[in-house]
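Engineer: Quick one: the structure is below, and I'll ask about it shortly.
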Amino acid sequence: MKAILCRSFGLPDTLTLEDIPSLVPGPGEVLTQVKACSLNFPDTLTIRNMYQFKPPLPFSPGSESSGIVKAVGEGVTHVKPGDHVFTFGSHGGLAEERISDARATLPLPEGMDFITGASTMYAYGTSYHALKDRGQLQPGETLLVLGAAGGVGLAAVELGKLMGATVIAAASTDEKLAVCREKGATHLINYTTEDVRERIKEMTQGKGVDVVYDPVGDKWAEPAIRSMAWKGRYLVVGFAGGEIPRIPLNLALLKGCSLVGVFWGMFVQKEAALSMKNMQEIATWAMQGKIAPHISKTYPLSEASQALTDMMERRVIGKAVVEIS
Ligand SMILES: NC(=O)c1ccc[n+]([C@@H]2O[C@H](COP(=O)([O-])OP(=O)(O)OC[C@H]3O[C@@H](n4cnc5c(N)ncnc54)[C@H](OP(=O)(O)O)[C@@H]3O)[C@@H](O)[C@H]2O)c1
Numbered sequence: 001m002k003a004i005l006c007r008s009f010g011l012p013d014t015l016t017l018e019d020i021p022s023l024v025p026g027p028g029e030v031l032t033q034v035k036a037c038s039l040n041f042p043d044t045l046t047i048r049n050m051y052q053f054k055p056p057l058p059f060s061p062g063s064e065s066s067g068i069v070k071a072v073g074e075g076v077t078h079v080k081p082g083d084h085v086f087t088f089g090s091h092g093g094l095a096e097e098r099i100s101d102a103r104a105t106l107p108l109p110e111g112m113d114f115i116t117g118a119s120t121m122y123a124y125g126t127s128y129h130a131l132k133d134r135g136q137l138q139p140g141e142t143l144l145v146l147g148a149a150g151g152v153g154l155a156a157v158e159l160g161k162l163m164g165a166t167v168i169a170a171a172s173t174d175e176k177l178a179v180c181r182e183k184g185a186t187h188l189i190n191y192t193t194e195d196v197r198e199r200i201k202e203m204t205q206g207k208g209v210d211v212v213y214d215p216v217g218d219k220w221a222e223p224a225i226r227s228m229a230w231k232g233r234y235l236v237v238g239f240a241g242g243e244i245p246r247i248p249l250n251l252a253l254l255k256g257c258s259l260v261g262v263f264w265g266m267f268v269q270k271e272a273a274l275s276m277k278n279m280q281e282i283a284t285w286a287m288q289g290k291i292a293p294h295i296s297k298t299y300p301l302s303e304a305s306q307a308l309t310d311m312m313e314r315r316v317i318g319k320a321v322v323e324i325s
């Protein structure tokens, strides 16, 4: 079978496409014929040895995929060969076959295609957990989403709107912001050309935003916290911008606000029942057409490195997906 391999840590152009032996599932594992693998920012970190999960070399990157079950290991009963499934884990998706933990391998909702199946759970799972469980977002509140046209950001825009909030989307280009508008954002901020604090003051009549969803960090975090309403919740989701910001703690005091961490992968493990309920709600909304991932581009397996480069260079809007025949 063909697989993208990371043999030594580095940039996407160091990855190789190789023929390797077929895989065999062990106890509690599932072997899938991969049909689609969507990229998530952590994939760009894992290949550079910069992520908290560190697979042993060599490995195939790719955290989220969909496909058809080929075989199951001992003790696996909830899926069987022929079933359409989605899977997630730290790596393995950029290959024709993937071994996954059975607990992270779930049936695709009836009728959901492979590209949607590979692009839904990670982004919406993260953002729903963030907004609902960690942010306690309420109807009528104002939500600011930074990096709003990225994978998790655009999911937060859609979910925020669905949950009854007024969504302010902030991103780096007008092209990205136009997609945020289509997905339900009421207000738009181009943070390359506009002053975030001034724009939020205007949009909220000086009150500030109730919830900030921040997957970017870096220089964008502090102005967002300074733009919060009394008793706001600032969601620490990620640091795609590069630097992990150091925030003056007096801001939390002055705003009476909460700085709240979000770690979806750990939530899935530690609170499996609640996570499953969230995933069922997401699947229902997806099948009802209330949410739908925006796919900016699909790539063949041979161009997976280019897809990862596009993500690192901020060219992806929503999701980039590698299709595998
Ligand atoms: N906490 C959790 O459980 C969890 C779960 C999933 C993902 N995450 C984190 O969330 C973040 C976003 O993940 P994602 O998969 O949505 O990534 P993504 O699709 O690449 O989106 C990231 C966004 O960040 C912005 N950005 C600003 N500076 C950037 C830079 N130097 N390089 C790349 N992007 C930059 C880009 O928007 P603009 O060009 O508009 O600025 C981009 O759209 C990552 O840090 C990831 O690790 C956390």
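For the sequence shown, the positions run 1 to 325 when UniProt numbering is used. Just so it is clear, CB atoms sit at the ideal spot from N, CA and C, and this is done for glycine as well. All figures in this text were calculated on a predicted structure; none of them were measured in a lab.
Once DSSP output is grouped into helix, strand and coil, what is the label at L143?
Structural biologist: Within the sequence shown, residue 143 is the residue found at index 143, counting from 1. In this structure, L143 counts as strand in the three-state DSSP scheme.
Engineer: Which whole-angstrom value describes the C-beta separation of V167 and G184, a residue pair presumed to lie in contact below a C-beta threshold of 8 Å?
Structural biologist: The residue given as residue 167 occupies position 167 in the sequence shown. The residue given as residue 184 occupies position 184 in the sequence shown. About 6 Å separates the two Cβ atoms, so the contact holds.
Engineer: Report all residues from its chain with a CB closer than 6 Å to the CB of G67; omit the five preceding and five following residues, and keep chain order.
Structural biologist: Stepping through the sequence shown from its first residue, residue 67 is reached at position 67. Answer for G67: T32, Q33, V34 and K35, listed in chain order.
Engineer: Of all the alpha helix (DSSP H) runs that stay within the bounds of the stretch 31-61, which reach a length of 4 or more residues?
Structural biologist: Within the stretch 31-61, the complete alpha helix (DSSP H) runs of at least 4 residues are 41-46.
Engineer: Cβ of S60 within 8 Å of Cβ of P293?
Structural biologist: One-based indexing of the sequence shown puts residue 60 at position 60. One-based indexing of the sequence shown puts residue 293 at position 293. Not in contact: S60 and P293 (Cβ atoms no closer than 8 Å).
Engineer: Can we say the stretch 89-103 touches the stretch 220-229, given the rule of at least three CB pairs closer than 8 Å?
Structural biologist: These segments do not touch.
Engineer: Sorted by chain position, which residues of the same chain lie with C-beta nearer than 7 Å to R134's C-beta, five sequence neighbours on each side aside?
Structural biologist: Within the sequence shown, residue 134 is the residue found at index 134, counting from 1. The residues are L235, V260 and V262.
Engineer: Can you list, in chain order, the residues of its chain whose CB lies under 8 Å from that of residue 333, leaving out five sequence neighbours each side?
Structural biologist: The chain is shown from 1 up to 325; residue 333 falls before or after that span and cannot be answered.
Engineer: Looking at the structure shown, is H84 part of a helix, part of a strand, or coil, going by DSSP?
Structural biologist: As a first step, residue 84 must be located in the sequence shown, where it is residue number 84. Three-state DSSP puts H84 in a strand.
Engineer: How would you write the range of the alpha helix (DSSP H) that K2 sits in, first residue to last?
Structural biologist: Residue numbering aside, residue 2 sits at position 2 when the sequence shown is read from its first letter. Element bounds for K2: not the alpha helix (DSSP H) but the beta strand (DSSP E), K2 to L5.
Engineer: Among M203, K270 and P109, which has the Cα closest to the Cα of I282?
Structural biologist: In the sequence shown, residue 282 corresponds to position 282, counting from 1. The shortest C-alpha separation from I282 is found at P109.
Engineer: For M311, count neighbouring C-beta atoms within 10 Å of its own C-beta (all shown protein chains included) and say buried if the count is 16 or more, exposed if not.
Structural biologist: The residue given as residue 311 occupies position 311 in the sequence shown. Answer is buried; the Cβ neighbour count reaches 16.
Engineer: Can you check DSSP and say which residues form a bridge with N190?
Structural biologist: By one-based count along the sequence shown, residue 190 stands at place 190. N190 is bridged to A171.
Engineer: Starting from A71, follow its DSSP beta bridges and name the residues at the other end.
Structural biologist: Counted from its first residue, the sequence shown places residue 71 at position 71. Partner(s): L31.
Engineer: Please report the straight-line C-alpha distance between F239 and P215, rounded to a whole angstrom.
Structural biologist: In the sequence shown, residue 239 corresponds to position 239, counting from 1. In the sequence shown, residue 215 corresponds to position 215, counting from 1. One C-alpha to the other measures close to 6 Å.
Engineer: Would you mind listing the alpha helix (DSSP H) stretches within the stretch 280-323 that are 4+ residues and don't spill past its ends, in chain order?
Structural biologist: You should have 304-312.
Engineer: Is it the case that the stretch 68-77 contacts the stretch 237-254, given that we only count it when at least three CB pairs across the two stretches are under 8 Å?
Structural biologist: No: the two stretches stay apart, fewer than three of their Cβ pairs being nearer than 8 Å.
Engineer: By the 10 Å Cβ neighbour count, where 16 or more other Cβ atoms means buried, how is residue 326 classified, buried or exposed?
Structural biologist: Within the shown structure, residues of the chain are numbered from 1 to 325, placing residue 326 beyond reach of any answer.
Engineer: Could you tell me the boundaries of the beta strand (DSSP E) in which T16 lies?
Structural biologist: Working through the sequence shown from its first residue, we reach residue 16 at position 16. Looking at the DSSP string, the run of the beta strand (DSSP E) that includes T16 is T16 to D19.
Engineer: Count Cβ pairs between the stretch 200-209 and the stretch 141-153 that sit closer than 8 Å; are there 3 or more?
Structural biologist: Yes, they touch.
Engineer: Would you call the CB atoms of G232 and K255 closer than 8 Å?
Structural biologist: Counting from one through the sequence shown, the residue named residue 232 turns up at place 232. Counting from one through the sequence shown, the residue named residue 255 turns up at place 255. Yes. Within cutoff.
Engineer: Shorter than 7 Å, the distance from the beta carbon of N40 to the closest heavy atom of ligand 1, or not?
Structural biologist: Counted from its first residue, the sequence shown places residue 40 at position 40. Answer for N40: yes, Cβ within range of ligand 1.
Engineer: Just the C-alpha distance for K2 and R98, rounded to the nearest angstrom, thanks.
Structural biologist: Within the sequence shown, residue 2 is the residue found at index 2, counting from 1. Within the sequence shown, residue 98 is the residue found at index 98, counting from 1. Rounded to whole angstroms, K2 to R98 spans 11 Å at the Cα level.
Engineer: Report the partner residues of V209 according to the DSSP bridge assignment.
Structural biologist: The residue you call residue 209 lines up with position 209 of the sequence shown. DSSP lists M228 as partners of V209.
Engineer: For T186 and T77, I'd like the C-alpha separation in whole angstroms.
Structural biologist: Your numbering for residue 186 matches position 186 in the sequence shown. Your numbering for residue 77 matches position 77 in the sequence shown. Between T186 and T77, the C-alpha separation is close to 45 Å.
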